[in-house]
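A.B. asks: Counting from 0, one number per residue, gives the positions in the sequence shown under numbering that gives the first Met the number 0. In this text, a Cβ means the ideal position worked out from N, Cα and C, and glycines have one as well.
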Amino acid sequence: MKFTVIITTAPYGKERAYSALRFALTSLLEGIEVNIFLLEDGVYVAKKNQNPSEVPNYLEFLKNCIEMGAKVKACGPCGKARGISDDDLIEGVEFGTMHDLVAFVKEGDKVITF
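See below:
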């Protein structure tokens, strides 16, 4: 089984990205393959050097997902619109296009959007 998780919200403003990452990590722990696509403000989830002091570090959750085998892509046009370059993304995340999102959705048995 494979899940595609689409994250559309930035980290820390709301808890949707946090819930999405917890869902993805739990799925991986249960042996389910996961693709993650960062869309719209969700591209900020993969931005390097996040170090929040009062809340969980979403970047660490994303890194754990990648280490457990999740494939992660971020929307290229969304990143460009927000001034995020390839160098701003953590290792294991690359920019993609809507074609990549379509491929993730086609691959996934289930799709969930946060």
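For Glu-93, which three-state DSSP category applies?
C.D. replies: It is a strand residue.
A.B. asks: With contact counted as at least three CB pairs below 8 Å, one residue from each stretch, are the stretch 16-26 and the stretch 72-81 in contact?
C.D. replies: Cβ pair count under 8 Å is below three, so no.
A.B. asks: Closest to Lys-47 by C-alpha separation, out of Leu-88, Asp-99, Asp-108 and Cys-77, would be which residue?
C.D. replies: Out of Leu-88, Asp-99, Asp-108 and Cys-77, Leu-88 has the C-alpha closest to the C-alpha of Lys-47.
A.B. asks: With H, G and I counted as helix, E and B as strand and the rest as coil, what does DSSP make of Leu-38?
C.D. replies: Coil.
A.B. asks: Do the CB positions of Ile-35 and Cys-64 come within less than 8 Å of each other?
C.D. replies: Against a cut-off of 8 Å, the Cβ pair of Cys-64 and Ile-35 comes out as a contact.
A.B. asks: Can you tell me which of Phe-2, Glu-59 and Thr-8 puts its alpha carbon nearest to the alpha carbon of Cys-74?
C.D. replies: Checked all of Phe-2, Glu-59 and Thr-8; the closest Cα to Cys-74 is Thr-8.
A.B. asks: Please list the segments of the alpha helix (DSSP H) lying wholly inside the stretch 58-106, counting only runs of 4 or more residues, in order along the chain.
C.D. replies: If we require 4 residues or more, the alpha helix (DSSP H) runs fully inside the stretch 58-106 come out as 75-80 and 97-106.
A.B. asks: Are Gly-91 and Val-110 touching if we call contact CB-CB under 8 Å?
C.D. replies: Cβ distance not < 8 Å, so Gly-91 and Val-110 don't count as in contact.
A.B. asks: Helix, strand or coil for Thr-8? Go by DSSP, reduced to three states.
C.D. replies: Residue state, collapsed to three classes: coil.
A.B. asks: Tell me whether Ser-52 is buried or exposed, calling it buried when 16 or more other Cβ atoms sit within 10 Å of its Cβ.
C.D. replies: Result: exposed.
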